[in-house]
Amino acid sequence: MRLATSYIPHALYAIAVTSISIHLVSKRRTFEDERANVNARISILESIAEQLRSGKPINDDEVERLKRLARDPVKRDEEAMKSKSEEISWKEVFLGQKSQSDSDLSPWEKKDLEKIQKAANES
203 MRLATSYIPH ALYAIAVTSI SIHLVSKRRT FEDERANVNA RISILESIAE QLRSGKPIND
263 DEVERLKRLA RDPVKRDEEA MKSKSEEISW KEVFLGQKSQ SDSDLSPWEK KDLEKIQKAA
323 NES
């Protein structure tokens, strides 16, 4: 019994060192991703500033696209979630989504569906 308990501190130290190293690697990768994101945002904003300084006519759509790219990714994700704004019930989570209604079908899909129903009725 003494033999098994003598290894417990070493096992705890090994687990602690492994946990700390994994945590540090994760933090390093997060920091590198954030640095790359900031550098990308800076280059986008510099290109917008350069276009504005050059005096050339600037396309508003291009400026809006670049401004969207320069936004913080967290804010972009929040905006995407707000734009969806469709609530999902727990029933749909467990049982699946509701099937599409006829109003969601395009005219071509409706024609194909009618052809399939006619073929099924004839046979």
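Per our numbering, the sequence shown starts with residue 203, numbered consecutively. Where is the CB? At the ideal position from N, CA and C, for every residue including glycine.
- DSSP, read as helix, strand or coil, puts R273 in coil.
- Cα atoms of I222 and P275: separation of roughly 28 angstroms, rounded to the nearest angstrom.
- Between A272 and L247, the gap from beta carbon to beta carbon is short of 9 angstroms.
- Secondary structure at Y209: coil, using DSSP grouped into helix, strand and coil.
- Your pair I244 and Q253 does not check out as a contact, with CB atoms roughly 15 angstroms apart and the cut at 8 angstroms.
- Spanning the alpha carbons of V240 and A216 requires a straight line of approximately 36 angstroms.
- Per DSSP, E294 is one residue of the alpha helix (DSSP H) stretching across 292-297.
- One Cα belongs to S208, the other to T220, and the distance between them is close to 20 angstroms.
- Cβ atoms of L268 and I250 come within 8 angstroms of each other, at about 5 angstroms.
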